[in-house]
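**Student:** So that we are looking at the same thing, I have put the structure below in structure tokens.
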């Protein structure tokens, strides 16, 4: 099972230098979760060779246009495609007003569109949960109510250790299967419990999307030991005063979040138009957190390996 993160847009405020506006797709088992939906996101989904019909939920961080103005067109397109599956949209209070636009009401769409709004004072909130994964939200530190998101799969049982099982008298394949399912097995040597033959529990993969924001404790909690952190890196340190003024982060500050949170890999994103080349931002960040790269649009990052 592969879970992949595909940046669709990495620009802040306006498209520049070939970069599109904020959006990230997470692909898992043929289904897609979309984090932010900047203008042009539906085109980028196609450019990434993903199917728009497979999007199950869209998570909007905040209501600045570069993060959400692609939403009305995308919702309308899904209607024109005669989508039947329900769609969930999560975001701060006010995101539900997109459903009031012409053509996006329940009487016009062939699918069920549900908005889940997060109040301004919301703390850690589970916004989507299935048997296979959970998405949680936490408030960030920006000029308007903003939420970051964490995707996480549950832990999986450890691997069977067949040699250890044989040493304890397990011979039949069906007995190995019972142990893998959590049952104890009786043998001539005595009772064998699953924990005697199973390796350590294996954590599921995880991903955090933390933008737009100043470095903050809630962002660190979202990023705690994730396989991949995508973090606001709008400016370099020479423009830190501007980052503070606009409630964004520098690349070096994003690296500090990754280091303190013990993330496995950091992708920088949300680049200011003043940065045609983001090499310097990566260099700054790597002085703090070595496993850092600039997010590349349309590249697929496997959460198991951290690379394409």
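Numbering (the numbering used here), first residue to last: 393 to 700. Cβ coordinates follow ideal geometry from the N, Cα and C atoms, glycine included.
Where DSSP assigns a beta bridge to residue 521, which residues make up the other side?
**Tutor:** Residue pairing by DSSP places residue 521 opposite 526 in a beta bridge.
**Student:** Would you list the one or two residues that DSSP bridges to residue 601?
**Tutor:** 541, 622
**Student:** DSSP three-state label for residue 511, please.
**Tutor:** Coil, per DSSP.
**Student:** Could you tell me the alpha carbon to alpha carbon distance between residue 580 and residue 554, rounded to whole angstroms?
**Tutor:** 17 angstroms
**Student:** By the 10 Å Cβ neighbour count, where 16 or more other Cβ atoms means buried, how is residue 540 classified, buried or exposed?
**Tutor:** Under this definition residue 540 is a buried residue.
**Student:** Considering only the alpha carbon of each residue, which of 551, 417, 604 lies closest to residue 588?
**Tutor:** Ranking 551, 417, 604 by Cα distance to residue 588 puts 551 first.
**Student:** Taking the beta strand (DSSP E) that residue 642 falls in, what are its first and last residues?
**Tutor:** Per DSSP, residue 642 belongs to no beta strand (DSSP E) and is neither H nor E.
**Student:** Determine the direct distance from the alpha carbon of residue 397 to that of residue 418, and round the result to whole angstroms.
**Tutor:** 5 angstroms
**Student:** Look at the Cβ atom of residue 586, then the Cβ atom of residue 578, and state whether they are nearer than 9 angstroms.
**Tutor:** no
**Student:** Report the residue from 428, 617, 447 whose alpha carbon sits nearest the alpha carbon of residue 462.
**Tutor:** 428
**Student:** Report the rounded CA-to-CA distance for residue 496 versus residue 477, giving the unit in angstroms.
**Tutor:** About 15 angstroms.
**Student:** Looking only at its chain, what residues have a beta carbon closer than 7 angstroms to the beta carbon of residue 651, apart from the 5 residues adjacent to it on each side?
**Tutor:** 680, 681
**Student:** Using the three-state DSSP reduction, which class does residue 612 fall into: helix, strand or coil?
**Tutor:** helix
**Student:** For residue 533 and residue 459, I'd like the C-alpha separation in whole angstroms.
**Tutor:** 16 angstroms
**Student:** Considering just the uninterrupted stretch of the beta strand (DSSP E) at residue 484, what are its terminal residues?
**Tutor:** 479-484
**Student:** Give the DSSP bridge partners of residue 606, in chain order.
**Tutor:** The partner list for residue 606 (beta bridge, DSSP) is empty, contrary to what the question assumes.
**Student:** In the stretch 429-513, which residue ranges form an unbroken beta strand (DSSP E) of at least 3 residues, counting only runs that do not cross its ends?
**Tutor:** Entirely contained in the stretch 429-513, the beta strand (DSSP E) runs reaching 3 residues are, in chain order, 447-451, 479-484, 505-510.
**Student:** What three-state label does DSSP hand residue 687 in the structure shown?
**Tutor:** coil
**Student:** How many angstroms separate the CA atom of residue 502 from the CA atom of residue 467?
**Tutor:** One alpha carbon belongs to residue 502, the other to residue 467, and they sit about 11 angstroms apart.
**Student:** Just curious, the alpha helix (DSSP H) that residue 557 is in, first and last residue?
**Tutor:** 554-559
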